[in-house]
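Enquirer: This structure is in structure tokens; I'll ask about it shortly.
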Amino acid sequence: MCGGAERVQGAVRAARAGRLTRRACRRLTHERRQTIDPNGAGDAPSDAELIARWQEGDDGAATRLVERHAPALARFVSAQDSRADVQEVVQDTFVRAFSSLEGFRAESAFRTWLFTIARRLLMDRRRATRRRGELVEVSEDDARTDFGALDEMVAEETRGRLWRLVERLTPTQREVFVLRAGEGMSYREIAEAVGTTEGAARVHYHNALRAVKESIDA
Amino acid sequence: MRDCPNADVRDLLPDLVHGTLPPEVQAAVLEHVSVCGDCTAERELLARLVAARPEPAVDVQAIGAAVTRVRTMAPRSSAGPLASRRRRAPAVGWRAAAVIAAVSLGALAVGSTQRDRDPAPVAPAQALVPAPAPGHSLGMPLADVSETELQALLGALETLEPVPAEPEPLDDILGGLS
Chain V
380 MCGGAERVQG AVRAARAGRL TRRACRRLTH ERRQTIDPNG AGDAPSDAEL
430 IARWQEGDDG AATRLVERHA PALARFVSAQ DSRADVQEVV QDTFVRAFSS
480 LEGFRAESAF RTWLFTIARR LLMDRRRATR RRGELVEVSE DDARTDFGAL
530 DEMVAEETRG RLWRLVERLT PTQREVFVLR AGEGMSYREI AEAVGTTEGA
580 ARVHYHNALR AVKESIDA
Chain Y
58 MRDCPNADVR DLLPDLVHGT LPPEVQAAVL EHVSVCGDCT AERELLARLV
108 AARPEPAVDV QAIGAAVTRV RTMAPRSSAG PLASRRRRAP AVGWRAAAVI
158 AAVSLGALAV GSTQRDRDPA PVAPAQALVP APAPGHSLGM PLADVSETEL
208 QALLGALETL EPVPAEPEPL DDILGGLS
């Protein structure tokens, strides 16, 4: 039995015995992430397989990768900068990723690499954009409601209010929190995407969560 | 909302919400959450946040088309990205050697012009040195070579044959000047 499988078996025994240590859980979660397809479908090709197919000339493979990762990238971009042109940033991210596949290290997840590129693009755009105060124009049409749409509006407002708590976080906390809580990425993946350490990512996440809780309690 | 003192379980709550925990670990975490009000509240908060995420629409087809254009613009390497990188490395090496040789020969040509030598069979590399413009002497530091002259020099490099891995002895290159 290889070393990796032995570690997994040991972690499983520990979990069953109730000794749910962080190391055991982290190991099991990491092992699981290495084996399952990002979409959860057992027969779906992995990112590495799709990349290899694209390099061999299969344009459909690229489309599948875009379909798989674009929604998460769009959510991340939108959460980091609500005024960003999400379509443009996401498209630019994929174009740059596929243009520089030689720079992609297969030992890190393709998804992580995409988030790294998107993050840097956002940083570049922030530096290039002149910040100015913007007034939100409210149209009279927005005030018209009917009873049928009221419940939806209330629900939408509640969702929006909750997510605005995330938008109030510091940039670093927001990045980490969105990736951890919003996308379920591991601390290792987050550390790689934002250029920090796993320990720092964990601290940022818990600080962010504490800030969100305090905002709710206030 | 309070934080449960069990940091190990709290660390796994986002994974529980996203369904990425191994079955054994998920069972253990669920067992804890079932008896812990703080973790129950935190799990619910995380689930609500996930549900509240903005879902901006993206045109996947347009992105796919843009990626396809990447392929048509970039030269394809059938042997894979690493092989093309290896193939490019020698080209960079001999071009660098050619630039160094040309600049060095340019300096020597300046000296030979000043010594007013008899016309001799010109070594190929000497032709790289552009003819001085009227009233413009090349008896100046190379750093003062004009942009036009430099461009001509670099353009001539494009016609150079590859320099062998081992540079030719300088005497052989300068054979026509002695």
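So the sequence lines, in the order shown, correspond to chains V and Y. The first sequence begins at 380 in my numbering and counts up by one. The second sequence begins at 58 in my numbering and counts up by one. Note that CB positions come from ideal geometry on N, CA and C, so glycine has one too. None of the values given here were measured: they were computed from a predicted structure.
Measuring only the C-alpha atoms, how far is A590/V from V469/V?
Expert: Stepping through the first sequence from its first residue, residue 590/V is reached at position 211. Stepping through the first sequence from its first residue, residue 469/V is reached at position 90. Answer to the nearest angstrom: the Cα atoms are 29 Å apart.
Enquirer: So what's F473/V in DSSP terms, helix, strand or just coil?
Expert: Here residue 473/V corresponds to residue number 94 of the first sequence, with the count starting at 1. Correct three-state label for F473/V: helix.
Enquirer: Taking the alpha-carbon positions, what's the A560/V to D437/V distance?
Expert: Against the first sequence, residue 560/V aligns to sequence position 181. Against the first sequence, residue 437/V aligns to sequence position 58. Rounded to whole angstroms, A560/V to D437/V spans 34 Å at the Cα level.
Enquirer: Can you give me the C-alpha to C-alpha distance between P113/Y and E206/Y, rounded to a whole angstrom?
Expert: Numbered from its first residue, the second sequence carries residue 113/Y at position 56. Numbered from its first residue, the second sequence carries residue 206/Y at position 149. Rounded to whole angstroms, P113/Y and E206/Y show a C-alpha spacing of 54 Å.
Enquirer: Under 6 Å Cβ to Cβ from D175/Y, same chain only, skipping five residues before and after it: list those, please.
Expert: The residue labelled residue 175/Y in the question sits at position 118 within the second sequence. Only weak support exists for where D175/Y lies, its pLDDT of 49 falling under 50; the coordinates are left without a value.
Enquirer: What three-state label does DSSP hand R100/Y in the structure shown?
Expert: Working through the second sequence from its first residue, we reach residue 100/Y at position 43. When DSSP states are grouped into helix, strand and coil, R100/Y belongs to the helix group.
Enquirer: Who are the Cβ neighbours of V445/V in its own chain at under 7 Å, not counting the five residues just before and after it?
Expert: If you number the first sequence from 1, residue 445/V lands on position 66. Closer than 7 Å at Cβ, skipping near neighbours: F473.
Enquirer: Give me the residue from R504/V, R505/V, R475/V and E562/V with the minimum Cα distance to A108/Y.
Expert: Locating residue 108/Y in the second sequence gives position 51, counting from the first residue. Residue E562/V is the option with its Cα nearest to A108/Y.
Enquirer: Given a threshold of 16 other Cβ atoms within 10 Å of its Cβ, counted over all protein chains shown, does L558/V qualify as buried or as exposed?
Expert: On the first sequence, residue 558/V is found 179 positions in, with the first residue counted as 1. Buried.
Enquirer: Would you please verify whether the beta carbon of D596/V is less than 8 Å from any beta carbon of chain Y?
Expert: The count along the first sequence starts at 1 and reaches residue 596/V at position 217. Between D596/V and chain Y, the shortest Cβ-Cβ separation is below 8 Å.
Enquirer: Express the C-alpha separation of Q434/V and R110/Y in angstroms, rounding to a whole number.
Expert: On the second sequence, position 53 is the one that residue 110/Y refers to. On the first sequence, position 55 is the one that residue 434/V refers to. If you take the alpha carbons of R110/Y and Q434/V, they lie about 34 Å apart.
Enquirer: Please state whether DSSP places F494/V in a helix, a strand or coil.
Expert: Along the first sequence, one-based indexing puts residue 494/V at 115. Correct three-state label for F494/V: helix.
Enquirer: Apart from the five residues just before and just after H583/V, which ones in its own chain have a Cβ nearer than 7 Å to its Cβ?
Expert: For the purposes of this step, residue 583/V is taken as the residue at position 204 of the first sequence. T551, Q552 and V555, listed in sequence order.
Enquirer: Check whether the Cβ of G563/V lies closer than 8 Å to any Cβ atom in chain Y.
Expert: Here residue 563/V refers to the residue found at position 184 when the first sequence is read from its first residue. Judged by the 8 Å Cβ criterion, G563/V is in contact with chain Y.
Enquirer: Quick one: measure Cβ to Cβ for L103/Y and V86/Y, integer angstroms, because I've assumed they're closer than 8 Å.
Expert: Working through the second sequence from its first residue, we reach residue 103/Y at position 46. Working through the second sequence from its first residue, we reach residue 86/Y at position 29. At roughly 13 Å, the Cβ-Cβ gap does not stay under 8 Å, so L103/Y and V86/Y are not in contact.
Enquirer: In chain Y, which residues lie with their C-beta within 7 Å of the C-beta of V474/V?
Expert: In the first sequence, residue 474/V corresponds to position 95, counting from 1. Ordered by position in chain Y, the residues that pass the 7 Å Cβ test against V474/V are A123, V124 and V127.
Enquirer: Look at the alpha carbon of Q388/V and the alpha carbon of V127/Y, and state the distance between them as a whole number of angstroms.
Expert: Along the first sequence, read from residue 1 onward, the residue named residue 388/V stands at position 9. Along the second sequence, read from residue 1 onward, the residue named residue 127/Y stands at position 70. With a pLDDT of 49 at Q388/V, under the threshold of 50, the modelled position of this residue cannot be trusted; read the value that follows with caution. About 45 Å.
Enquirer: Determine whether the beta carbon atoms of T508/V and A572/V lie at a separation below 8 Å.
Expert: Taking the first sequence and counting its residues from 1, one reaches residue 508/V at position 129. Taking the first sequence and counting its residues from 1, one reaches residue 572/V at position 193. Result no, Cβ atoms of T508/V and A572/V do not sit closer than 8 Å.
Enquirer: With distances taken Cα to Cα, identify the nearest neighbour of S91/Y among A119/Y, Q118/Y, V115/Y and C61/Y.
Expert: What you label residue 91/Y is simply residue 34 of the second sequence in a count that begins at 1. C61/Y is the residue among A119/Y, Q118/Y, V115/Y and C61/Y whose C-alpha sits nearest the C-alpha of S91/Y.
Enquirer: Find the residues of chain V that neighbour V115/Y, judging by a C-beta separation of less than 9 Å, and give them in chain order.
Expert: As a position in the second sequence, residue 115/Y is number 58, starting the count at 1. By Cβ distance, chain V contributes V445, A449, P450, L452, A453, V465, Q466, V469 and Q470.
Enquirer: State the DSSP-derived secondary structure class of M564/V, mapped to helix, strand or coil.
Expert: Numbered from 1 along the first sequence, position 185 holds the residue referred to as residue 564/V. The answer is coil: DSSP assigns M564/V none of H, G, I, E or B.
Enquirer: Which residue wins for smallest C-alpha separation from S461/V, given the options F483/V, F489/V, R504/V and A440/V?
Expert: Position 82 of the first sequence, counted from the start, is the residue given in the question as residue 461/V. Ranking F483/V, F489/V, R504/V and A440/V by Cα distance to S461/V puts R504/V first.
Enquirer: Return the CA-CA distance between R142/Y and S479/V, expressed in angstroms with no decimal places.
Expert: Your numbering for residue 142/Y matches position 85 in the second sequence. Your numbering for residue 479/V matches position 100 in the first sequence. At R142/Y the pLDDT is 47, less than 50, meaning the model places this residue with poor confidence; the figure from the coordinates comes in the next sentence. Approximately 12 Å, taken between the alpha carbons.
Enquirer: With distances taken between CB atoms, is the gap from Q466/V to D116/Y smaller than 8 Å?
Expert: Reading the first sequence from its first residue, position 87 is the one you call residue 466/V. Reading the second sequence from its first residue, position 59 is the one you call residue 116/Y. Using a Cβ distance threshold of 8 Å, Q466/V and D116/Y count as a contacting pair.
Enquirer: Hey, is L103/Y's beta-carbon within less than 8 Å of any beta-carbon in chain V?
Expert: The residue you call residue 103/Y lines up with position 46 of the second sequence. True, the Cβ-Cβ gap to chain V drops below 8 Å.
Enquirer: Please list the partners that D95/Y has in chain V, where partner means a Cβ-to-Cβ separation under 7 Å.
Expert: Translated into the one-based positions of the second sequence, residue 95/Y becomes position 38. What D95/Y touches in chain V, judged by beta-carbon distance under 7 Å, is nothing: the nearest beta carbon there is about 10 Å away.
Enquirer: Is G121/Y buried or exposed, if buried means 16 or more other CB atoms sit within 10 Å of its CB?
Expert: Reading the second sequence from its first residue, position 64 is the one you call residue 121/Y. That one is buried.
Enquirer: Going straight from the alpha carbon of R506/V to that of R454/V, what length do you get?
Expert: Looking up residue 506/V in the first sequence gives position 127. Looking up residue 454/V in the first sequence gives position 75. Distance between the alpha carbons of R506/V and R454/V is about 21 Å.
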